[in-house]
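There are 4 protein chains.
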Amino acid sequence: MPVEKRRSAKSRRAIYDAALALVTEIGYPRTTIEGIAARAGVGKQTIYRWWSSKADVLLEAFLDLGERTARAAGQEPADQAIPDTGDLAADLKAVLRATVDELRDPRFEAPSRALAAEGVVDPELGRLIVAKLLEPSLQLYADRLRAAQRAGQIRPGIDPRIALELFVSPLAQRWLQHTAPFDYEYTDTLVDYALYGLAPR
Amino acid sequence: MPVEKRRSAKSRRAIYDAALALVTEIGYPRTTIEGIAARAGVGKQTIYRWWSSKADVLLEAFLDLGERTARAAGQEPADQAIPDTGDLAADLKAVLRATVDELRDPRFEAPSRALAAEGVVDPELGRLIVAKLLEPSLQLYADRLRAAQRAGQIRPGIDPRIALELFVSPLAQRWLQHTAPFDYEYTDTLVDYALYGLAPR
Amino acid sequence: MPVEKRRSAKSRRAIYDAALALVTEIGYPRTTIEGIAARAGVGKQTIYRWWSSKADVLLEAFLDLGERTARAAGQEPADQAIPDTGDLAADLKAVLRATVDELRDPRFEAPSRALAAEGVVDPELGRLIVAKLLEPSLQLYADRLRAAQRAGQIRPGIDPRIALELFVSPLAQRWLQHTAPFDYEYTDTLVDYALYGLAPR
Amino acid sequence: MPVEKRRSAKSRRAIYDAALALVTEIGYPRTTIEGIAARAGVGKQTIYRWWSSKADVLLEAFLDLGERTARAAGQEPADQAIPDTGDLAADLKAVLRATVDELRDPRFEAPSRALAAEGVVDPELGRLIVAKLLEPSLQLYADRLRAAQRAGQIRPGIDPRIALELFVSPLAQRWLQHTAPFDYEYTDTLVDYALYGLAPR
DNA sequence: TCGTAAACGAGACGGTACGTCGCGTCTTTAT
DNA sequence: ATAAAGACGCGACGTACCGTCTCGTTTACGA
Numbered sequence: 001m002p003v004e005k006r007r008s009a010k011s012r013r014a015i016y017d018a019a020l021a022l023v024t025e026i027g028y029p030r031t032t033i034e035g036i037a038a039r040a041g042v043g044k045q046t047i048y049r050w051w052s053s054k055a056d057v058l059l060e061a062f063l064d065l066g067e068r069t070a071r072a073a074g075q076e077p078a079d080q081a082i083p084d085t086g087d088l089a090a091d092l093k094a095v096l097r098a099t100v101d102e103l104r105d106p107r108f109e110a111p112s113r114a115l116a117a118e119g120v121v122d123p124e125l126g127r128l129i130v131a132k133l134l135e136p137s138l139q140l141y142a143d144r145l146r147a148a149q150r151a152g153q154i155r156p157g158i159d160p161r162i163a164l165e166l167f168v169s170p171l172a173q174r175w176l177q178h179t180a181p182f183d184y185e186y187t188d189t190l191v192d193y194a195l196y197g198l199a200p201r
Numbered sequence: 001m002p003v004e005k006r007r008s009a010k011s012r013r014a015i016y017d018a019a020l021a022l023v024t025e026i027g028y029p030r031t032t033i034e035g036i037a038a039r040a041g042v043g044k045q046t047i048y049r050w051w052s053s054k055a056d057v058l059l060e061a062f063l064d065l066g067e068r069t070a071r072a073a074g075q076e077p078a079d080q081a082i083p084d085t086g087d088l089a090a091d092l093k094a095v096l097r098a099t100v101d102e103l104r105d106p107r108f109e110a111p112s113r114a115l116a117a118e119g120v121v122d123p124e125l126g127r128l129i130v131a132k133l134l135e136p137s138l139q140l141y142a143d144r145l146r147a148a149q150r151a152g153q154i155r156p157g158i159d160p161r162i163a164l165e166l167f168v169s170p171l172a173q174r175w176l177q178h179t180a181p182f183d184y185e186y187t188d189t190l191v192d193y194a195l196y197g198l199a200p201r
Numbered sequence: 001m002p003v004e005k006r007r008s009a010k011s012r013r014a015i016y017d018a019a020l021a022l023v024t025e026i027g028y029p030r031t032t033i034e035g036i037a038a039r040a041g042v043g044k045q046t047i048y049r050w051w052s053s054k055a056d057v058l059l060e061a062f063l064d065l066g067e068r069t070a071r072a073a074g075q076e077p078a079d080q081a082i083p084d085t086g087d088l089a090a091d092l093k094a095v096l097r098a099t100v101d102e103l104r105d106p107r108f109e110a111p112s113r114a115l116a117a118e119g120v121v122d123p124e125l126g127r128l129i130v131a132k133l134l135e136p137s138l139q140l141y142a143d144r145l146r147a148a149q150r151a152g153q154i155r156p157g158i159d160p161r162i163a164l165e166l167f168v169s170p171l172a173q174r175w176l177q178h179t180a181p182f183d184y185e186y187t188d189t190l191v192d193y194a195l196y197g198l199a200p201r
Numbered sequence: 001m002p003v004e005k006r007r008s009a010k011s012r013r014a015i016y017d018a019a020l021a022l023v024t025e026i027g028y029p030r031t032t033i034e035g036i037a038a039r040a041g042v043g044k045q046t047i048y049r050w051w052s053s054k055a056d057v058l059l060e061a062f063l064d065l066g067e068r069t070a071r072a073a074g075q076e077p078a079d080q081a082i083p084d085t086g087d088l089a090a091d092l093k094a095v096l097r098a099t100v101d102e103l104r105d106p107r108f109e110a111p112s113r114a115l116a117a118e119g120v121v122d123p124e125l126g127r128l129i130v131a132k133l134l135e136p137s138l139q140l141y142a143d144r145l146r147a148a149q150r151a152g153q154i155r156p157g158i159d160p161r162i163a164l165e166l167f168v169s170p171l172a173q174r175w176l177q178h179t180a181p182f183d184y185e186y187t188d189t190l191v192d193y194a195l196y197g198l199a200p201r
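Chains as they are written, first to last, in UniProt numbering: chain A, 1 to 201; chain B, 1 to 201; chain C, 1 to 201; chain D, 1 to 201.
Next up, the structure:
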């Protein structure tokens, strides 16, 4: 990357930090590029030079936050996977409980809501979010479901990419719209319903 | 409503039409109150007098659109319900297919995406949207599921308010994020998975 | 003027005052439209709405200053003329001495230098300055010279519009370029040279 | 000049050419240092290293242009003088006609107007312009007038430094403000008026 | 003859001001 | 008397240049 060579790492850090802080403190709509630049002690042009929009800055800042958090948790970015203890229901419940915790973390809450909202309305950004943020996680679910399928714990005809939506989408939806309690009991229930269905057996 | 007495029905109509048209034509972010006023041939103050924000205008315009559309389809606003032919799967599939059609209608697409996005980020608006737009529909699903429960087609312990999320949320999520095909085959599959679960029976 | 009816007199006054003050205090190049707006307690748009450029603001402010100054001196704007005591040389010397005083007044100095400079480089503005600022004064000189011509104090073939340049232009030029002393002695000399020529009589 | 030893002659040429071309093509205010650097194929720092401002560059570029033009006309830079045929009026008229031609040359017009304007507003630059650009020419007029004085063609008491302003300043003023025709007839008239005065003899 | 230090091109950087857009409020004009 | 029309103070937009500051890369010197 000869183009990026001259890029100032210090400015980039400061911009990420400022963007995340502002979104958390005053909310996404009241966060402005001027505000980010001022808080980061950076010229506006330095932002416009490398990012195309407020949402773009936030997306990268958020991805960076994710990486740093993961690294701080001792994980290499690559070796993430859903545990496979042999008990599919337990494994899924555990992961969803962790997701609940994460979505409630105030450092994540504001930026990810903002990105979700913006992605709904800006198709280009939406595609980026799906590709960089969502897809990797969904892939992990799909992998785990396929393993369960091989182990005979899931019916052979089931499409894992659709199956995972049965618990992932309701969770996302409740979080986005805070329509109802958002807790471990809920996610546990979701897994049970999804695995065993609604109809009598 | 004595306060609303003096309100001009003609202006209101013009404002609704302008708002919906602009959101469809140029998108929500580029739709402005000034633009709506100009297009409606109305003073800005007339908008500010009755609505508190761009989103507020759009929400009411959209509710009005829904009512007019329903009325045009010959239904009284009150007697909407999910059909009950006795075959739960078939009934749900039919309703979801109709939902797919509606969400694809360009007249609905732009405004409802805009509202969904704005609601994620603006809690006050989010509450309004849930209450006025979503809740009524969800109630219909819950009613139908309860009927099925009474008929023994759904296990007794199942909570209908969670159960309905198994097919409604994935649908909503795919539509918001256009992550994958959005068609009848998909909704049919969703109903099957939800009713009969993923695990072998 | 139906268009100007809505114009705020208070803002206009504040803008004129701010513009003149800033040009005097920090100089024309460092005077900015933002600065004027801030000092006047006015939105930038209010300036851009009514004037096309910084120079345009300053020209009008300066014309206004001239009018107010004249009115404060008790004169009606219309009845300005060069005195005619019968002694042409004395009359011209008196007027030029007054001009020297005015050009040295710090309230006039900065704005008029700025306008002169800008007019040299911006033809449109230059035309305005000549028409509104210079031409009226030059006309007075021409009138006085014509009267002298009728009285036989100036040769019949002389073109008054060129003749007046013999003393007016050197004065202006010295002022603009401060090349040399700028005082009563100088202007008196100018009048003598111009009236009686350089060659022996 | 040990300091200037390493200075690149090629860059200097390119910068002069770019500066003059840009001022002519797009005008002084829209000419920028970045623009000059880009057009000259030179880094900005190379300009900042040797000149202190846009005006400074232009002044040197213009002086250089003058030297090159004079050299191209076959003259040594030093032996410029106003001809002395014994007929003062004729000599002055001839020189002023040449000045008219030069001031109309488009290669000179734009840069010299720009410098004149900037010099009015920037005292430091104004002093430089007077010293390097104007003073030498004025000195030639003063010399010629003194010679005429010695020859008895000008009254003994006349101050040549003021006398020359009678025709030089009006010419400069008309050119700066294009208030009126700028031609041979005008300059001839100026010389006549200046030499023989306005009053009857 | 070859290092080495300068000058160089390129262009990122922290800034300031630009001229525009839209906000929400307030005032005027014309029904 | 009630709106439309639109001026107002304000704040942010995205852009253009400013003058400073690294970056490698020539380039010409003097050791």
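C-beta: ideal position from N, C-alpha, C; glycine also.
Small disclaimer: the values here were computed from a predicted structure and weren't measured.
Reduced DSSP category for residue i - H, G, I as helix; E, B as strand; rest coil
i, result
"C/Ser53", "coil"
"A/Gln139", "helix"
"A/Phe182", "coil"
"C/Ser169", "helix"
"A/Lys5", "helix"
"C/Ala199", "coil"
"A/Leu164", "coil"
"A/Tyr28", "coil"
"D/Thr85", "coil"
"D/Pro106", "helix"
"D/Ala90", "helix"
"A/Gln80", "coil"
"C/Ile15", "helix"
"B/Asp192", "helix"
Neighbour-count burial assignment, residue i, 16 or more Cβ in a 10 Å radius
i, result
"C/Arg113", "buried"
"B/Ile154", "buried"
"D/Asp122", "buried"
"D/Pro160", "buried"
"B/Glu165", "buried"
Interface flag, residue i vs chain C, CB-CB below 7 Å
i, result
"D/Glu165", "yes"
"D/Val120", "yes"
Min CB distance residue i to chain A below 7 Å
i, result
"B/Gln149", "no"
"B/Ile162", "yes"
"B/Arg16", "At residue 16 of chain B the sequence reads Tyr, which differs from the Arg that was named. Closer than 7 Å: no."
"B/Gln177", "yes"
"B/Thr189", "yes"
Sequence-distant residues of its chain with Cβ nearer than 8 Å to residue i (five each side left out)
i, result
"C/Pro156", "Gln149"
"D/Ala180", "Arg174 and Tyr186"
CB contact check: residue i to chain B, cutoff 7 Å
i, result
"A/Ser53", "no"
"A/Ile33", "no"
"A/Arg146", "no"
"A/Tyr196", "yes"
Cβ-based neighbour list, residue i, same chain, cut-off 6 Å, excluding 5 preceding and 5 following
i, result
"B/Lys54", "Ile33"
"C/Phe167", "Leu190, Val191 and Ala194"
Own chain partners of residue i with C-beta closer than 7 Å, once the 5 adjacent residues on each side are dropped
i, result
"B/Leu92", "Phe167 and Val191"
"A/Gly41", "Ala14"
Cβ of residue i within 7 Å of any chain D Cβ
i, result
"C/Gln173", "yes"
"C/Thr99", "no"
"C/Val130", "yes"
"C/Ile26", "no"
"C/Met1", "Unreliable positioning characterises C/Met1 in this predicted model, as indicated by a pLDDT of 41, which lies under 50. A coordinate reading is not provided."
"C/Ile158", "yes"
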